[in-house]
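These protein sequence lines are chains A and B, in that order.
So in the numbering used here, spot 166 of the first sequence is number 166, and the numbers just go up one at a time.
Start counting at 1 in the second sequence, then tack on 1000, and there's your number in the numbering used here.
Note that beta-carbon positions come from the ideal geometry of N, C-alpha and C, so glycine has one too.
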Amino acid sequence: METTLRKTGALLGKDLKDLVKNPTMLICTLLPIAFVLLYAQMSGGSPEESEMLSRYLVSMAFCITAGMVGSMTVLTAIAEEKEKNTLRTLMLANVSAGHILASRGIVAFASIAVVDAVCFAVLDVPADQMGSYLLISLLGSVPIVMIALLLGLAARDQMTAGLYSLPIVLVAFLPSFSMANDTLEKLAPFFPTGEASELIELSAQGSLYTGDALQPLLVTLAWMVISVVAFALLFRRLSRDN
Amino acid sequence: MAEFSSIEELAADDRSVHIECSRETSAALLAVVRARYRTQRCAFVLETDRGFERDSVASHLRFYGSIARSSVHYEDAISHFNLRGVAKRKMGGLSPSALALVNLARASLFEPEMCFLERPLSDLDAEGRSIALAWIADRMEQGCRFITTVEPLREALLMPGVACWHEEGRFIAVDQDDDEDEDGGTAYEGDEVHVLKIPAHTETATLLFDPRDIDFAESMNKATYLSVRGERYQTPRTMDELERELSRAGFFRCHRSFLVNVQKVAKVERYTRNSFNLTLSDAAHSSIPLAKGRAEEMRERYRW
Chain A
1 METTLRKTGA LLGKDLKDLV KNPTMLICTL LPIAFVLLYA QMSGGSPEES
51 EMLSRYLVSM AFCITAGMVG SMTVLTAIAE EKEKNTLRTL MLANVSAGHI
101 LASRGIVAFA SIAVVDAVCF AVLDVPADQM GSYLLISLLG SVPIVMIALL
151 LGLAARDQMT AGLYSLPIVL VAFLPSFSMA NDTLEKLAPF FPTGEASELI
201 ELSAQGSLYT GDALQPLLVT LAWMVISVVA FALLFRRLSR DN
Chain B
1001 MAEFSSIEEL AADDRSVHIE CSRETSAALL AVVRARYRTQ RCAFVLETDR
1051 GFERDSVASH LRFYGSIARS SVHYEDAISH FNLRGVAKRK MGGLSPSALA
1101 LVNLARASLF EPEMCFLERP LSDLDAEGRS IALAWIADRM EQGCRFITTV
1151 EPLREALLMP GVACWHEEGR FIAVDQDDDE DEDGGTAYEG DEVHVLKIPA
1201 HTETATLLFD PRDIDFAESM NKATYLSVRG ERYQTPRTMD ELERELSRAG
1251 FFRCHRSFLV NVQKVAKVER YTRNSFNLTL SDAAHSSIPL AKGRAEEMRE
1301 RYRW
């Protein structure tokens, strides 16, 4: 246990440092903040419209952050390690795939929390809801990060990682565009980030602790459980291939 | 001639072994060695190890130091492998020789009982080779087993342990010379200038070399090669014939497989009780093994 903590701790330090030093990763990680800042400029109508827009932007910020940060800090980062053989060097130094993924997962959740917090702070929403936004955002991001970890193990290099990150980003973003038409609106709740973004909107409306939140909460938890179980099942097989 | 009939047999031996083989064989060997030494402290250095390119050398070694957590501090490894000058440089911008030393420094952090190295000397200059060989010899004296894969065979002979080459699934050990001189020894008649040319074949011509241009001759896989200004030329002469002809021109049989132009020797180095190397003043600063039994003879003959 002590060894696991020491190794994961060392990896964590390295991965966090790399996140800051790698311009591509840093820009993609901070992109959701830029999006939110841009969209926030659109507000300017009546106070009701402004408030509605802010509510929408809060849930959109969550979706974009989960997709962009999840795929970048996990999938691309693992794929780069594979492409440049640093993953093999690590594994030959008696570092297990579990240590590596644990560190990458922690970096992903920490980055998501920071980026989400900045996005929410930029938007004009009640500050007392910050705790619940962040909690829901982190829970809602679990499926995306789990899928990204698995795809990171499956990706051969950064080119394939680029390809694999497309569906992640699309799936994560989709609920933000659910109002575009009826079909998307019907589909959105079944997507991993769909009901979590609904929960965030409810929270922004101040109706998080009502019956309306029950179904989204259950679906979000179900996605979490499904993704964690799928990860546990596939992790061993995929890490053996490395 | 000693030999190992399979990779498993080679891995099961407990001596240090240095093998001239293909990359494919090296990969197969790595897998077997990894499985066999699973429970021991191991260090692996592969040709493809480049490290995190945005990381500095010091931070790279500090990271592996905290993974290994042995009694070797990463700062000591930096000093030991003479990396102080590049400690702040990014891994991605290192020269191949500095990278090879960083990789060995990383291995040293693990204080390994088993160390697998792929082509450890290939990218090193004379100074780097000397540091690397000294570390290998030192570690070996402390009981570490080294398995290295090299190209060419000469590099295997530079390291203490069994040198062998891979051929059709078998690993054939080079006769490790030489406490008694089996060849009977050629009587030394003093250096004289003779009209003497050594033939070597290329695809289209036979070249005739002046002995003064030859840095050294080596025999490998039953063929003999001359090293002239960094190029290798195959000669029809056997090692013994060359020794007879060239001993008058200042050449010395420093190892069963090597005949060196003594005029080109710049440095004699001793790493352990049993391992000596000669560093030449040729363009590549080549290192040549000096067999233990012949070191004394060489010292006496040239009064060093």
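Consider the Cβ of residue i: report whether some Cβ of chain B lies at a distance smaller than 8 Å.
i	result
ASN22 of chain A	yes
LYS82 of chain A	no
ASN85 of chain A	yes
ASP18 of chain A	yes
ALA222 of chain A	no
THR73 of chain A	no
THR210 of chain A	no
VAL107 of chain A	no
ALA93 of chain A	yes
ALA10 of chain A	yes
THR193 of chain A	no
LYS257 of chain A	This structure gives no information on residue 257 of chain A, because the portion of chain A shown stretches from 1 to 242.
THR243 of chain A	There is simply no residue 243 of chain A to check, as chain A begins at 1 and stops at 242 in what is shown.
ARG236 of chain A	no
THR76 of chain A	no
ALA4 of chain A	Note that residue 4 of chain A corresponds to Thr in the displayed sequence, not to Ala. Cβ-Cβ to chain B under 8 Å: no for THR4 of chain A.
LYS7 of chain A	yes
THR183 of chain A	no
THR89 of chain A	yes
Considering only C-alpha positions, which residue in the set the options is nearest to residue i?
i	options	result
GLU1024 of chain B	B:PHE1004, B:SER1005, B:GLU1151, B:ARG1036	B:GLU1151
TRP223 of chain A	A:ARG55, A:ALA113, A:ILE144	A:ILE144
THR24 of chain A	A:HIS99, A:GLY162, A:ASP128, A:SER59	A:GLY162
LEU1099 of chain B	B:GLU1111, B:PHE1110, B:PRO1112, B:GLY1085	B:GLY1085
SER1227 of chain B	B:THR1149, B:ASP1210, B:ALA1134	B:ASP1210
ASP1013 of chain B	B:LEU1061, B:SER1022, B:THR1202, B:GLU1003	B:GLU1003
PRO32 of chain A	A:MET42, A:ALA97, A:VAL122	A:VAL122
LEU135 of chain A	A:THR3, A:LEU218, A:ILE200, A:ALA34	A:ILE200
VAL1268 of chain B	B:GLU1127, B:LEU1196, B:ALA1223	B:GLU1127
GLU2 of chain A	B:ARG1069, B:GLU1047, B:THR1204	B:ARG1069
GLU1111 of chain B	B:ILE1078, B:ALA1132, B:SER1071	B:SER1071
TYR133 of chain A	A:LEU38, A:GLY45, A:SER59	A:SER59
LEU233 of chain A	A:LYS17, A:LEU149, A:THR76	A:LEU149
Which stretch, first to last residue, makes up the beta strand (DSSP E) that contains residue i?
i	result
TYR1064 of chain B	Segment 1057-1068 is the alpha helix (DSSP H) holding TYR1064 of chain B; no beta strand (DSSP E) there.
PHE1258 of chain B	1258-1261
VAL1228 of chain B	1223-1228
TYR1271 of chain B	1265-1272
TYR209 of chain A	Note, TYR209 of chain A: premise wrong, no beta strand (DSSP E); not H, not E.
ALA1043 of chain B	1042-1045
GLU1118 of chain B	1114-1118
TYR133 of chain A	Not the beta strand (DSSP E): TYR133 of chain A falls in the alpha helix (DSSP H), residues 130-154.
HIS1201 of chain B	1198-1201
HIS1080 of chain B	It is not in any beta strand (DSSP E) - HIS1080 of chain B instead sits in the alpha helix (DSSP H) that spans 1074-1080.
PRO32 of chain A	Careful: PRO32 of chain A lies outside any beta strand (DSSP E), inside the alpha helix (DSSP H) at 23-40.
PHE1171 of chain B	1170-1173
Which residue comes first and which comes last in the alpha helix (DSSP H) that contains residue i?
i	result
SER1108 of chain B	1096-1109
HIS1255 of chain B	Not the alpha helix (DSSP H): HIS1255 of chain B falls in the beta strand (DSSP E), residues 1251-1255.
TRP1135 of chain B	1126-1141
LEU97 of chain A	Looking at the sequence itself, residue 97 of chain A is Ala, so the reference to Leu does not match. That run of the alpha helix (DSSP H) goes 97-122.
THR193 of chain A	From DSSP, THR193 of chain A is part of no alpha helix (DSSP H); its letter is neither H nor E.
ALA1156 of chain B	1153-1158
Compare the C-beta of residue i with all C-beta atoms of chain A and state if any pair is closer than 8 Å.
i	result
PHE1044 of chain B	yes
Leaving out the 5 sequence neighbours to the left and right, which residues in its chain are closer than 6 Å to residue i when beta-carbon positions are compared?
i	result
PHE1251 of chain B	LEU1259, ASN1261
ALA1163 of chain B	HIS1018, ALA1156, LEU1157, VAL1174
ASP1213 of chain B	VAL1228
ALA1058 of chain B	ALA1087
ALA230 of chain A	none
GLY1093 of chain B	none
SER103 of chain A	THR8, LEU11, LEU12, ASP15
Comparing the CB of residue i with every heavy atom of the ligand MN, is any distance shorter than 7 Å?
i	result
MET1091 of chain B	No copy of the ligand MN occurs in the structure displayed, which carries no ligand at all.
Going along the chain, which residues of its own chain have a beta-carbon closer than 7 Å to the beta-carbon of residue i, five neighbours each way excluded?
i	result
GLY9 of chain A	none
VAL1032 of chain B	ILE1007, GLU1008, ALA1011
PHE191 of chain A	VAL171, LEU174, PRO175
LYS14 of chain A	none
GLN1263 of chain B	GLY1250
SER1026 of chain B	GLU1118, THR1149
LEU26 of chain A	LEU19, VAL20
Under 8 Å Cβ to Cβ from residue i, same chain only, skipping five residues before and after it: list those, please.
i	result
SER111 of chain A	LEU19, THR29, VAL69, THR73
TRP1135 of chain B	HIS1080, PHE1081, LEU1104, SER1108
LEU257 of chain A	Lying outside 1 to 242, the shown extent of chain A, residue 257 of chain A is not represented and no answer is given.
PRO1078 of chain B	Note on residue identity: the sequence assigns Ile, not Pro, to residue 1078 of chain B. Once the five neighbours on either side are set aside, the close Cβ partners of ILE1078 of chain B are VAL1057, ALA1058, LEU1061, ARG1084, ALA1087, ALA1105.
Which residues, in order along the stretch 1049-1070 of chain B, keep a beta-carbon less than 8 Å from a beta-carbon of chain A? ASP1049, ARG1050, GLY1051, PHE1052, GLU1053, ARG1054, ASP1055, SER1059, PHE1063, TYR1064, SER1066, ILE1067, ALA1068, ARG1069
Taking any Cβ of chain B, which residues in the stretch 148-171 of chain A have a Cβ under 7 Å from it, in chain order? none
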